[in-house]
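A.B. asks: The structure under discussion is supplied below as structure tokens; questions concerning it will follow.
Number of protein chains: 2
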Amino acid sequence: MTVSASVDKLLQLIEFGIHISGIKELKQLMEKVLKTAQDLTYAKMAVFYLVTDDSLELVARRNTHTFHIPDNFHEKKLIPISPNRLAGFCVLNSKIVNISAADRQGLVDTYDLEHELGLLNLQLFHSMLLVPLINQNRKILGVLQLIDSTNNEGDFIPFSESIIPVMESLASQSAVAIQNAQLSRDITSTYYETIFRLSLAAECRDKETANHIFRVSSYSKIIARYAGFTKSFQDMIQYSSPMHDVGKLGIPDSILFKTGKLTPEERILMQSHTEIGWKIFEGSDYEILQMAGRVALSHHEKYDGSGYPKGLKGNIIPVEGRIVAIADVFDALCSIRRYKFSFPTDQVFMNLKSETGHHFDPILLNAFFMGLEEILEVKKKYTVSES
Amino acid sequence: MTVSASVDKLLQLIEFGIHISGIKELKQLMEKVLKTAQDLTYAKMAVFYLVTDDSLELVARRNTHTFHIPDNFHEKKLIPISPNRLAGFCVLNSKIVNISAADRQGLVDTYDLEHELGLLNLQLFHSMLLVPLINQNRKILGVLQLIDSTNNEGDFIPFSESIIPVMESLASQSAVAIQNAQLSRDITSTYYETIFRLSLAAECRDKETANHIFRVSSYSKIIARYAGFTKSFQDMIQYSSPMHDVGKLGIPDSILFKTGKLTPEERILMQSHTEIGWKIFEGSDYEILQMAGRVALSHHEKYDGSGYPKGLKGNIIPVEGRIVAIADVFDALCSIRRYKFSFPTDQVFMNLKSETGHHFDPILLNAFFMGLEEILEVKKKYTVSES
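As given, the protein sequences belong to chains C and H, one line each in that order. So in full-length UniProt numbering, spot 139 of the first sequence is number 139, and the numbers just go up one at a time. So in full-length UniProt numbering, spot 115 of the second sequence is number 115, and the numbers just go up one at a time.
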């Protein structure tokens, strides 16, 4: 490699580092790593393994071979981290492994190739580079496997030794980015589960179920997506909608758990759960909690102005409240159905449709029906365990 | 700059990118950016500005000048983003500004130098490089200002044009890292506020105050730090301890709000809030919520085995429960004090000390007293508004 070629590759690496640092989505991140590794090494195939417990898991693969790759070439998704597997050896020794077709016999002697993932069919393999993904604290997060380097004429050649420091840098950059993406995913999941469990605890007073909260949250997200809202809005409504009824915490047991019909005074007190919910989130600087406040306050408003607590009309009702109203009522109607076997799903849809422009925003109800297939999938998946 | 010097700088940039991607703490991150920028440009001073609303805020500065810098050299922390300020011009035009002492007169004519931060005393300034921090979506997050480049002999020289592409890369790397750190900080803050508001809503049933929850959470973190636990453990107890009483959600109003003495049966039911709290978090895969469950279950256990619900003894009680017990009781004792003016702080400390080995873990109580200064600061700051 000439010095100017080396400068080019280093510049490419810097660009790559900036690019992947901005990617939060693991799949997209791994795809970018595989593509850049192929561009830098002219390899026909690139495979991404992540360390999971005691194994390496094949999580992404990118193939630019023009010929057919047998289905069993990477059949096993999990391989043990053991010294007689190439990728295992690479992890255990924190070391790049660079091998070519000429090394085959030596490999067969050294490694347990009978079981070696990706090497089952030796005819396909000309050269291979295994690069451990080591983060800034020297922890190994995975392995990048590159197969079949080529020259300008497209002939298969061994991986050049001069590319190894470049690949080491790329691997470190990737390891840190992968770790950040995993961390960000974990924080987000923890956040959602916390909202979920605390909301459930609040709702338990009202005998609601975990599945109800989860379904309303998922339905709301689907409606938002089909209504054309941004990914960020969809996430926000997913996170804020589980908290729509936390204001019920402020309702006395005597009203919340009353079996008979509520008196008009009791009904007014019961309806104040919307305003109590608002107060719980009032004054927050964070968008999700501001939205949670709006959802809590407005999810019982109706499009024609006949709802509570304020009798707001049409688009004056916060859009997130209009969305959660549909999700919440749909779920309530389906739950009634579970106890009355004769109440068919069609009837539920008829009920919803009859309320277009009355209880519900017509455009959002339309989005609900556009997303119906996904909504029914969620319903099916998260209803079973309640029976 | 020779080609090999350029390769060295590129390698340095790649290392830098890997290093800063792993830093989540803003202050530490900016310090590293300033140091690297100085190393690469041989500048005597480096300043970090972040865009906040309509201004640039001076957030970090690093000076290796051996002579004294006047206090008013960077007196103003906020400068407007306007075209007649150098840093403002740099932001508005998304462009590097490279100026030397020779350009002074031109600068005086072009810019409103009377108000220019950092240029008040023109005698001090020999050369300056302003680099906009542009992220992967072309958004400007701030400006990096470098002052007074030097050669090997230590003479002041203009900034070399050849360093500009290197600084552009460094600025992009820094912008993405800064953005990730800000995002991570925002998610964490949102998470804490959500836990806080939902726990408060739950506690409100028990007439507890927002400040009580906040204080217990802060005290617990301080105790954990002085007891030598990791930063990660400290964060976890900060986040999980606000939820220690959410199990009270499951206690009927008639018991929770009873003004007289509880009957033995009612007392047992009341004590079950620990087990209800455990159930709320049971089975979670997330460490914070697992800890929240342990705290809820065990914060009324006593070191000598006389607590509830299980009468656990000594180190069998989860350590986080032992920590929150001290924080919770200390706060309760201080709250009683607010109503009985004659109850002095010394008496509170005596009470706590008399319980060492009985109610409290001696080692953790010792950590409490080691952190007393910080604990009293929190107490002072978050008690006022309750009076």
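The beta-carbon is built from N, C-alpha and C at its ideal position, and this holds for glycine as well. The model shown is predicted, which means the values in this text are computed figures rather than measured ones.
Determine, for His299 (chain C), whether the minimum Cβ-Cβ distance to residues of chain H falls below 9 Å.
C.D. replies: False, the Cβ-Cβ gap to chain H never drops below 9 Å.
A.B. asks: So Ala201 (chain C) and Met243 (chain C) are in contact, right, with Cβ under 8 Å, and what is the actual spacing, rounded?
C.D. replies: Not really, about 11 Å apart at Cβ, beyond 8 Å.
A.B. asks: Of all the options C:Leu249, C:Gly283, C:Gly260, which has the alpha carbon lying nearest to the alpha carbon of His273 (chain C)?
C.D. replies: Per the Cα distances, C:Leu249.
A.B. asks: What span of residues does the alpha helix (DSSP H) with Phe368 (chain C) cover, start to end?
C.D. replies: Where Phe368 (chain C) is concerned, the enclosing alpha helix (DSSP H) stretches over 362-370.
A.B. asks: By DSSP's criteria, Gln145 (chain C) is part of a beta bridge. Which residues make up the other side?
C.D. replies: DSSP output for Gln145 (chain C) lists C:Val47, C:Leu130 as bridge partner(s).
A.B. asks: Indicate whether at least one CB of chain H lies closer than 9 Å to the CB of Asn93 (chain C).
C.D. replies: Closer than 9 Å: no.
A.B. asks: Distance, Cα to Cα, Gln145 (chain H) vs Lys95 (chain H)?
C.D. replies: Between Gln145 (chain H) and Lys95 (chain H), the C-alpha separation is close to 12 Å.
A.B. asks: Report back the beta-carbon spacing between Ile99 (chain C) and Ser82 (chain C) to the nearest angstrom; my notes put them in contact at under 8 Å.
C.D. replies: Not a contact, Cβ separation roughly 18 Å.
A.B. asks: Quick one: using the 10 Å Cβ neighbour count with 16 as the cut-off for buried, is Thr212 (chain C) buried or exposed?
C.D. replies: First, the residue type needs correcting, since residue 212 (chain C) is His and not Thr in the sequence shown. Classification of His212 (chain C): buried, given that the 10 Å Cβ count is 16 or more.
A.B. asks: I'd like to check one pair, Ala296 (chain H) with Val329 (chain H): are the Cβ atoms closer than 9 Å?
C.D. replies: No, these two residues do not count as a Cβ contact at 9 Å.
A.B. asks: Would you kindly report the start and end of the unbroken alpha helix (DSSP H) that includes Ser218 (chain C)?
C.D. replies: Unbroken alpha helix (DSSP H) run through Ser218 (chain C): 210-226.
A.B. asks: Does the separation of the CB atoms of Gln182 (chain H) and Ser21 (chain C) fall below 9 Å?
C.D. replies: Taking 9 Å as the Cβ cut-off, Gln182 (chain H) and Ser21 (chain C) do not qualify as a contacting pair.
A.B. asks: With a threshold of 16 other CB atoms inside 10 Å of the CB of Pro344 (chain C), please say whether the residue is buried or exposed.
C.D. replies: By the 10 Å Cβ count, Pro344 (chain C) comes out exposed.
A.B. asks: Taking any Cβ of chain C, which residues in the region 277-296 of chain H have a Cβ under 7 Å from it, in chain order?
C.D. replies: Here the close residues are Ile280, Phe281, Ser284, Tyr286, Ile288, Leu289.
A.B. asks: My output table needs one value for Arg322 (chain H): the three-state DSSP class, helix, strand or coil.
C.D. replies: Residue state, collapsed to three classes: helix.
A.B. asks: Of the residues C:Asn351, C:Lys24, C:Pro362, C:Val47, which one's Cα is nearest the Cα of Arg185 (chain C)?
C.D. replies: Checking every option, the nearest Cα to that of Arg185 (chain C) belongs to C:Lys24.
A.B. asks: Measuring alpha carbon to alpha carbon, tell me which residue in C:Ser149, C:Leu372, C:Gly283 is nearest Ser220 (chain C).
C.D. replies: Per the Cα distances, C:Leu372.
A.B. asks: What's the C-alpha gap between Ala101 (chain C) and Leu130 (chain C)?
C.D. replies: Cα to Cα, the separation comes out at about 15 Å.
A.B. asks: Check Ser100 (chain H) in the structure and name its three-state DSSP category.
C.D. replies: Reduced to three states, the DSSP call for Ser100 (chain H) is strand.
A.B. asks: Residues of the region 231-255 of chain C with a CB closer than 9 Å to any CB of chain H: list them in chain order, please.
C.D. replies: Against chain H - using a Cβ distance shorter than 9 Å - the residues of the region 231-255 of chain C are Tyr239, Met243, Val246, Gly247, Leu249, Gly250, Pro252, Asp253, Ser254.
A.B. asks: Counting contacts by CB-CB distance shorter than 9 Å, is Ile14 (chain C) in contact with chain H?
C.D. replies: So, interface residue.
A.B. asks: CA-CA distance, Val91 (chain H) and Leu11 (chain C)?
C.D. replies: Each residue's Cα considered, the two are about 25 Å apart.
A.B. asks: Report the rounded CA-to-CA distance for Ser354 (chain H) versus Thr190 (chain H), giving the unit in angstroms.
C.D. replies: Rounded to whole angstroms, Ser354 (chain H) to Thr190 (chain H) spans 39 Å at the Cα level.
A.B. asks: Select from the region 188-218 of chain C all residues with a C-beta closer than 9 Å to any C-beta belonging to chain H, and list them in chain order.
C.D. replies: The residues in question are Thr188, Ser189, Thr190, Tyr191, Glu193, Thr194, Ile195, Arg197, Leu198, Ser199, Leu200, Ala201, Ala202, Cys204, Arg205.
A.B. asks: From C:Tyr286, C:Leu333, C:Ala224, C:Val176, pick the residue whose C-alpha is nearest to that of Arg197 (chain H); which is it?
C.D. replies: Nearest of C:Tyr286, C:Leu333, C:Ala224, C:Val176 to Arg197 (chain H), Cα basis: C:Tyr286.
A.B. asks: Smallest Cα separation from Leu170 (chain H): which of H:Thr36, H:Pro309, H:Lys261, H:His299?
C.D. replies: Nearest C-alpha to Leu170 (chain H): H:Thr36.
A.B. asks: Indicate the three-state DSSP secondary structure (helix, strand or coil) for Phe89 (chain C) in the structure shown.
C.D. replies: Three-state result, Phe89 (chain C): helix.
A.B. asks: Can you tell me whether DSSP reads Thr41 (chain H) as helix, strand or coil?
C.D. replies: In this structure, Thr41 (chain H) counts as helix in the three-state DSSP scheme.
A.B. asks: Taking only heavy atoms of the ligand HEM into account, decide whether any of them is closer than 8 Å to the Cβ of Thr41 (chain H).
C.D. replies: This structure simply doesn't include the ligand HEM, nor any ligand for that matter.
A.B. asks: For Val176 (chain C), return the contacting residues in chain H, with the cut-off set at a CB-CB distance below 7 Å.
C.D. replies: Near Val176 (chain C) (Cβ distances below 7 Å), the residues of chain H are Ile18, Ser21, Gly22.
A.B. asks: Helix, strand or coil: how does DSSP classify Glu266 (chain C) here?
C.D. replies: Three-state DSSP puts Glu266 (chain C) in a helix.
A.B. asks: Whole angstroms is fine: what's the gap from Asp8 (chain H)'s alpha carbon to Ile195 (chain C)'s?
C.D. replies: Roughly 49 Å between the two C-alpha positions.
A.B. asks: What do you get for Lys44 (chain C), buried or exposed, if any count of 16 or more other CB atoms within 10 angstroms of its CB means buried?
C.D. replies: Lys44 (chain C) comes out buried.
A.B. asks: How far does the beta strand (DSSP E) with Leu78 (chain C) in it extend, from its first residue to its last?
C.D. replies: Counting along the chain, the beta strand (DSSP E) containing Leu78 (chain C) begins and ends at 78-80.
A.B. asks: Kindly indicate which three-state DSSP category Thr188 (chain H) falls into: helix, strand or coil?
C.D. replies: Here Thr188 (chain H) sits in helix by DSSP.
A.B. asks: Phe341 (chain C) by DSSP, collapsed to three states: which one?
C.D. replies: Low per-residue confidence applies at Phe341 (chain C): pLDDT is 46, beneath 50, and the placement is therefore not dependable, though the value from the model is reported in the following sentence. Reduced to three states, the DSSP call for Phe341 (chain C) is coil.
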